[in-house]
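Note sheet for the following structure.
Residue numbers (our numbering), protein chains in the order written: chain A, 25 to 738; chain B, -14 to 625.
This is the structure we're talking about:
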């Protein structure tokens, strides 16, 4: 997994940019409820009056308020208010924030005091309408003491005083003849525009992050795919077998695709959710610290519920895959055995078998579905319950005046954000281990080194010993990696130019292994393979393989035209050379019989040509290469006797002077070879011509006996 | 990696029909059914047997939704009480009425509880219905498998049928649940919320209704724009994956022919193309969410502004605004869901179409009304039938097989067997020989009525094989095919497959006769070894021996053998030969032969070429005739 991180490096700048955008998006998203809260608190509840500092004041009101201000506050007042008309004062536009704070506190206090005096709650012991005269008579310190003692007794919180002040200012504006409705509307509009701006930012940042994330993820997977592909193509057969071809394919396709999805998600959700979660908590705390327990409770309940649901469902999930596999297996068997079951009249039995697998699967999936169906109602009720608790606790806070209604509403939204982020994060935690498995599987390829590498100073074997293509095995033993038994033991032989050397033996006797050692698909465990007298390990692989034209046991063709397929090893071959190869391979007739002849397109896997045709094309492909050594690994098995014979005749005519090595199953195919080597369980059981072996080698005789009758054996 | 894992990798993963799917589900192109109405209609028929339950589901889903929708409106009262309480506090004219708020909250809790309860009940019933439907669909498919003519299977791959049983039925299972419940809840929510909003403020509702559908329009536009892009992305992905599969599959060949660089170059080219389309399609599908989110926010802000204005004028309470804000959120969701449902339904229809297409395949022709019966009469196997006068007649079974002017072609235009006649007497051995692809198995398939002749007839003891029931006819034959078919169970059960009612002792003696016994004894659990796909301790040759044992157990009148061409180790080979010879003794046998020794031991040889039987006769006769058989025979020994 760590190994793959470096594939993100080229995109570091984009990633940083992307993360900042995600951060911006989250911050803006979190800002929205804040604005909404302002809208409710100030826009609706407080008539658009955002604090206690009035924009205009009558001299008369100012005079009363001044009574409750100390010298410092009065100074601030004088600094920032100027006469507007004869008896009104106006707030100057360029007030410092420090002054605003001072004045806010001062006005709040003063408005509260004036309202208390007016309502008679602050009893001065004088007759009505004489209070202010009495107050003016007092000294500043006397008024202060009076105010303080009143404030302590009234015990008013910010919420209530705020409301009170807003009402007082609104009354004052009305007195001054201002349109209070328009004033409120202006505030609402301003806040609305701000909200829209923020929403637009959320959208833009989201799109931007999506753009960057997509590029990063797609680039990451492209780079990864490129390197994995290159790596695999350079693997020796050791690694291919260790991983298995099917596994390598899934790793390069599905697993990398999976990684791409994960990286995309990483930048979209995995970054966004925690930022939102943490931000939600911070904002929620800002609105109210004492209600945090609700969040904690909600999360605990949620975790508890999820834990219960999953602990009940998980064991069933685990067997689910097995049951699906079982159903697939039975269906596959039903299909592949359709003839057999009809022949033996076992259709009912097959239906029962299927029914059992089907019923088990259905039962299990019903259980899982029903348990998982709990998720939705449970989530809804937790979310709704959360809202209700917040309202209950919030209303008490509001009563105590430590919170406003808008704050409570915002708090609900922050709580939702927190819970949702938590869910997303837990989803990521479920997803990550799976992604990590994919990642590890891909990384495993990248960290594997090919067991077969070129030497630092390769010997050029092409010209050594005349370059005629002698192949020699010198005491070769070979063990497949991780195998206990030797697949080949102590094999020695020389295949000379101009001669045919043939291998025969039962399945698993090591024939193909011998073939694989010559082009160095594997390295010998002991001994040495020499081509032109040079140890194959001392030569460059490309140069070695230039000496060899090879027909594999499995006839792989590639998408492309027939001509392209034949030219695979000889890209510069002309049409004449291609046609000649096809002719020797007995492929000419069926190629020219095709609608487009040599231009006929081979579909993936070569499914549009028959097995025999595929084999002949594979042979033609090898024959198009002008190499001194030709390897035929069981290359005649899909041909009928007649074609087999014609091909061998053509080969004998055209391949003079070459070293030919054949693996075969039919004795008829190899009967005339100069040298036949009989393999049995990885050892040489006999070496010689057909006649010699018939006399001396019992294994050979037995093979021959199963294929031919006495009279032909003679 | 464990063997289990490896196997799973090779299987098609669910949801991966026809290639690999890209990231992000949201805006992926959805495959469409050719006949949407018909497929959904057929599916409905399947579901309709659960009508009563479905009605309950609909009802419960609606109840649950309604209770949920009422919530915010009730909650508004609590908010209003709070708001007026705050003002009252400020005026010093009272406080918040906690008893009232508490009561409302309790009512709310009850509402939400009831809603959740009904929602779960609905889901409980619905999962029952969907699982029952999927179970029945699968069962019907599995039964159908056995009623379809073999012809069908020549044309389709196993994977295709398999994916109908698993992927398609799975898709139906999931999407059926999702779409039915979502249609109900989405529609109820939409209508309910609309009603609630109207009851609070028609003006605000109007404003909202004007804005919110924009999200559906926008996402629709984006999806439309991106269709082409998604398609090309799928295509490039297919190209890349195809290239990978092909290269890895032929990796040794590529290395042997030093073709690595060309392959890499080609790969990089298509990989770069994929990159271009991958990020674009991923980006586009990612754009929908923020845009829809923005439009959602737009509605939200609109409600805030309008609500604040109206509240400022006193025509709307604070609680109403709050309720409205909640409704805005729940108004957005069903709209995007409804847009999604059409996709889900398309998917369902496409899957259902494939399933019903299979279920609607033509079945085997009907059995004869009055068949010739094969019965055991006083220990003698007899053919029992009604003669021309309607009397029931019984004749002992002899086993003469006659082909009379048989003509057949897999494709009626193109006959592979033109006019074939032959008589095979009871106890005779027939070798069917010819080059690969000559259609040697066709004769066998006609004989066992896997296919019906199109011209002429095949007679058994003078009765057309079409006058028997298939079951009776096939009970005459035993078959050992080249690709051995074993199923996942013990060796014992696999042998018993030849005759399901055979006792253990009979199985054992069949195993001995087929030379299975001695290698089974070397296995750790003997006859109880489970055979499955990973079985490695049983070789191909040994598997063939097991299928021979199966035929021994069946003890058929006529034997059909398909000789193996693939080589097995010498010892097993000898075993197989001996087991087969033992089986053929005193039995009418048809051998698809590859070994000259087998061929020459037969009484009659059918020489096939280009799908037709060109010669028949004994080895000597055919050699003397110096025709196709002689040519093939001699080519084996020509010098190379």
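Even glycine gets a Cβ: it sits at the ideal position worked out from N, Cα and C.
None of the values given here were measured: they were computed from a predicted structure.
Across the segment 226 to 250 of chain B, CB contacts with chain A closer than 8 Å involve 226, 227, 229, 230, 231, 232, 233, 234, 235, 236, 237, 238, 239, 240, 241, 242, 243, 244, 245, 247, 248 and 249, in sequence order along the chain. Below the 9 Å Cβ cutoff, chain B contributes 282, 285, 286, 289 and 290 as neighbours of residue 219 (chain A), in chain order. Chain order gives no chain A residues near residue 153 (chain B), where near means a beta carbon separation below 8 Å; the closest approach is about 12 Å. Sorting B:215, B:70 and B:360 by C-alpha distance to the C-alpha of residue 456 (chain B) places B:360 at the top.
Three or more pairs of CB atoms, one per stretch, sit closer than 8 Å, so the segment 201 to 216 of chain A contacts the segment 289 to 297 of chain B. Counting of Cβ neighbours within 10 angstroms places residue 399 (chain B) among the exposed residues, the total staying below 16.
Scanning B:432, B:137, B:268 and B:501 for the CA closest to the CA of residue 458 (chain B) turns up B:432.
DSSP places residue 309 (chain B) within a helical segment (H, G or I) once states are collapsed to three. Using a Cβ-Cβ cut-off of 8 Å, residue 542 (chain A) does not count as an interface residue toward chain B, since no Cβ of chain B sits closer than that to its own. Residues of chain B with a Cβ closer than 8 Å to the Cβ of residue 457 (chain A) do not exist, since the nearest Cβ in that chain sits about 15 Å away.
Its chain contains 411 and 414 as the residues whose beta carbon lies nearer than 6 Å to that of residue 436 (chain A), once the 5 sequence neighbours on both sides are disregarded; these appear in chain order. For residue 474 (chain B), there is no enclosing beta strand (DSSP E), since its DSSP letter is neither H nor E. Using a C-beta cut-off of 8 Å, the segment 435 to 443 of chain B makes no contact with the segment 608 to 616 of chain B, since fewer than three inter-stretch Cβ pairs fall below that distance. Contact annotation, residue 717 (chain A) with residue 700 (chain A): C-beta distance approximately 6 Å; criterion of less than 8 Å satisfied. The Cβ-Cβ distance between residue 581 (chain A) and residue 663 (chain A) does not fall below 8 Å. Residue 46 (chain B) is outside the set of residues whose beta carbon lies under 8 Å from a beta carbon in chain A. Closest in C-alpha terms to residue 137 (chain B), from the list B:515, B:237, B:460 and B:345, comes B:345. The segment 460 to 475 of chain B makes contact with the segment 527 to 538 of chain B, as at least three CB pairs between them are under 8 Å. Contacts with chain A at 8 Å (Cβ-Cβ) do not include residue 313 (chain B).
Contact annotation: in the segment 366 to 379 of chain A, residues whose CB is within less than 9 Å of a CB in chain B are 366, 367, 368, 369, 370, 371, 372, 373, 374, 375, 377, 378 and 379. When CB distances to chain B are screened at a threshold of 7 Å, the residues of the segment 261 to 272 of chain A falling below it are 261, 264, 268, 269, 270, 271 and 272, in chain order. At least one beta carbon of chain A lies nearer than 8 Å to the beta carbon of residue 112 (chain B).
Each of A:40, A:191 and A:105 was checked against the Cα of residue 71 (chain A), and the nearest Cα belongs to A:191.
Residue 181 (chain B) and residue 406 (chain A) have their C-alpha atoms spaced approximately 23 Å apart. The continuous alpha helix (DSSP H) containing residue 162 (chain B) extends over residues 154 to 185.
Interface flag for residue 721 (chain A) against chain B is unset, since no Cβ pair is found closer than 8 Å. One Cα belongs to residue 263 (chain B), the other to residue 270 (chain B), and the distance between them is close to 11 Å.
Contacts with chain B at 8 Å (Cβ-Cβ) include residue 416 (chain A). With fewer than three CB-CB distances shorter than 8 Å, the segment 316 to 330 of chain A does not count as touching the segment 379 to 394 of chain A. For residue 398 (chain A), the neighbours in chain B by C-beta distance under 7 Å run, in chain order, 105.
Sequence-distant Cβ neighbours of residue 116 (chain B) in its own chain, meaning closer than 8 Å and more than five residues away, are 158. Judged by DSSP in its simplified three-state form, residue 352 (chain B) adopts coil rather than helix or strand.
Boundaries of the beta strand (DSSP E) around residue 514 (chain A): 512 to 519.
Note on the segment 639 to 691 of chain A: whole beta strand (DSSP E) runs with a minimum of 3 residues are 653 to 657 and 683 to 687, in chain order.
Contact annotation: the segment 578 to 591 of chain B touches the segment 398 to 415 of chain B, with at least three C-beta pairs closer than 8 Å. Counting the other Cβ atoms within 10 Å of the Cβ of residue 319 (chain B) gives 16 or more, which makes it buried.
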